[in-house]
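Working notes for the structure below.
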Ligand SMILES: Cc1cc2nc3c(=O)[nH]c(=O)nc-3n(C[C@H](O)[C@H](O)[C@H](O)COP(=O)(O)OP(=O)(O)OC[C@H]3O[C@@H](n4cnc5c(N)ncnc54)[C@H](O)[C@@H]3O)c2cc1C
């Protein structure tokens, strides 16, 4: 049997696996990716690409390509509830940060915009960049099994067309093989929750619906048609794939019944029913079934095998978090693997992946399922839950128009129910407020800042260790850049101000004496970086003589309110604590020792 060797073997070419391959290649780590199928996703499942994902792709130099291919935020902003696209509109709300009062929150949070990029367009961008930077990709290659020992992992894979079995030996294996992950099963990761709680059908169509939507541009149109499905409450989604001629129709089915057999004719009938106009030309491109889950792993790794993406968190598409979270999993793990493989960190650094990402996965699963449940309030307000009789439901819905106290109460109830949907469609805090606690974060002794606004709806920028580096615009050598642009790139970054120059010298000393790269920026007049809007002064939460140390994944690793007595030794000790032992038992001591003897 043939044997190939690599540093990291990645199983699965979805958003998790492809982004892991990209990050590892960018960081110079040899990696090989195997994918069971001949090509990438053929249906556009994920699409909402949040600011945090775009800024990670910005770090990889891919933002321009993403923006060029995506539908912009301006066209994502109307969530419409109606009886059909051509029918009566019941409610509408501004979403994805497009309400004028929310736009500022989104603009202040990140240099990048939220956008809508179908998975079918995102994946080729990731693949091309990963392959160009060094990833070896093998399509039509199925992972079968693995065995691990103290030095590495041996995986058995099968080339499907030739039915040839071979082995790949890697130092680490990443299971990015989706919600039915065999890798996660093989290493016995503990799953909590329930799989297959509801059934859904995707119907991909081409149809020019411009005249029905261009006055209320959106990515999601919710259609309420009593009596059109099991249980009497029919709710379908018409999702924009490309404006305004490619659409994904999502339609629920009863998971306790046999899966529906939908042929092209039935799919076209469903499409016409949701559109509300049979005369529109509809081309059916694809029909697929999938299930909603409420399940997450409480641990993401075992030994040298790490899982990520849907393999670890399995939930409905509500809030649009799946692919976004998968990319963040990879971004969290990739720099750690790179540092360990380069001998700059001890293997214990990899344990922090579990500590940091498992709570996020759980939060995402719970949030997405809660968002589904919250549709109940809308159905209730429309009088769709207290009867199974379709005619009665239609009468109840019509009562919304009545000029009487009941009609007024129903309208008020609907307004309150719609407001709840902010937790699905404007949940900026869910996307940004991750505050990691692990051995790769060094506390500074301060209390965790309390959220001043609802933590699910609003992002709270802070440099409290573990939080994401706050974004603000600064000037760097004559160019307007984000603080996010100065950090990242696979290395640590230190920000300080006037009077903190010795922190910058310390960063240079530590970088020179060890192989751990720490870029440093002094922000202030006379230096390379100018805080011309005084935004960094407001956001940094340290004095000018203090410093903020940022990890390669743009999370704050540590901060010091003021100048330390010995900045080089302090920084070396902090890095040693984060990197956990390096090639010897205690990287902190090694770094301090190296710096001291330099
Ligand atoms: C209708 C719908 C809408 C969605 N909308 C959004 C959204 O707006 N935003 C968002 O962020 N997310 C969204 N999602 C979720 C998103 O699609 C998933 O979270 C994402 O695809 C997970 O990425 P992944 O790489 O973990 O898994 P997958 O995309 O499932 O990729 C896993 C890959 O592994 C391969 N594989 C599996 N087993 C093997 C094996 N044994 N050997 C080799 N290869 C294997 C598979 O073929 C597949 O290519 C949506 C999902 C659906 C269904």
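Residue numbers (this note's numbering): 5 to 602. Cβ coordinates follow ideal geometry from the N, Cα and C atoms, glycine included. Only a predicted model underlies this, so the values are computations on that prediction, with no experimental measurement involved.
State yes or no: is the C-beta of residue i nearer than 7 Å to some heavy atom of ligand 1?
| i | result |
| --- | --- |
| residue 264 | no |
| residue 186 | yes |
| residue 480 | no |
| residue 548 | no |
| residue 41 | yes |
| residue 520 | no |
| residue 206 | yes |
| residue 21 | yes |
| residue 146 | yes |
| residue 321 | yes |
| residue 183 | yes |
| residue 327 | yes |
| residue 51 | yes |
| residue 38 | yes |
| residue 431 | no |
| residue 330 | yes |
| residue 315 | yes |
Would you list the residues sitting across from residue i in a DSSP beta bridge?
| i | result |
| --- | --- |
| residue 140 | 36 |
| residue 206 | 254 and 292 |
| residue 528 | Residue 528 pairs with nothing; no bridge assigned. |
| residue 479 | 484 and 534 |
| residue 8 | 172 |
| residue 97 | 83 |
| residue 574 | Residue 574 pairs with nothing; no bridge assigned. |
| residue 120 | 52 and 75 |
| residue 146 | 162 |
| residue 187 | According to DSSP, residue 187 bridges with nothing at all. |
Can you tell me whether residue i is helix, strand or coil according to DSSP?
| i | result |
| --- | --- |
| residue 425 | coil |
| residue 343 | helix |
| residue 80 | helix |
| residue 51 | coil |
| residue 180 | coil |
| residue 291 | strand |
| residue 170 | strand |
| residue 300 | strand |
| residue 335 | helix |
| residue 214 | helix |
| residue 68 | helix |
| residue 579 | helix |
| residue 552 | strand |
| residue 110 | helix |
| residue 198 | strand |
| residue 539 | helix |
| residue 152 | strand |
| residue 558 | coil |
| residue 418 | helix |
| residue 276 | helix |
| residue 225 | strand |
Whole angstroms is fine: what's the gap from residue i's alpha carbon to residue j's?
| i | j | result |
| --- | --- | --- |
| residue 432 | residue 351 | 34 Å |
| residue 247 | residue 115 | 25 Å |
| residue 7 | residue 170 | 6 Å |
| residue 47 | residue 73 | 16 Å |
| residue 380 | residue 567 | 54 Å |
| residue 575 | residue 549 | 14 Å |
| residue 148 | residue 307 | 18 Å |
| residue 235 | residue 392 | Confidence at residue 235 is low in this model, with a pLDDT of 36, below 50, so its placement is unreliable and no value can be given for it. |
| residue 337 | residue 155 | 19 Å |
| residue 87 | residue 394 | 13 Å |
| residue 374 | residue 527 | 43 Å |
| residue 167 | residue 200 | 31 Å |
| residue 174 | residue 520 | 24 Å |
| residue 224 | residue 243 | 5 Å |
| residue 117 | residue 239 | 30 Å |
| residue 16 | residue 299 | 20 Å |
| residue 157 | residue 38 | 15 Å |
| residue 474 | residue 545 | 11 Å |
| residue 272 | residue 291 | 11 Å |
| residue 61 | residue 67 | 6 Å |
| residue 552 | residue 469 | 9 Å |
If I'm right that residue i touches residue j with Cβ under 8 Å, what's the distance once you round it to whole angstroms?
| i | j | result |
| --- | --- | --- |
| residue 12 | residue 178 | 6 Å |
| residue 128 | residue 44 | 6 Å |
| residue 522 | residue 495 | 7 Å |
| residue 312 | residue 20 | 5 Å |
Let me check you understand the geometry: is the CB of residue i closer than 7 Å to at least one non-hydrogen atom of ligand 3?
| i | result |
| --- | --- |
| residue 16 | Among the ligands in the structure shown, ligand 3 does not appear; only ligand 1 can be found there. |
I want to see whether chain C comes within less than 8 Å of residue i, judged by CB atoms only; does it?
| i | result |
| --- | --- |
| residue 508 | Among the protein chains of the structure shown there is no chain C, as only one such chain exists. |
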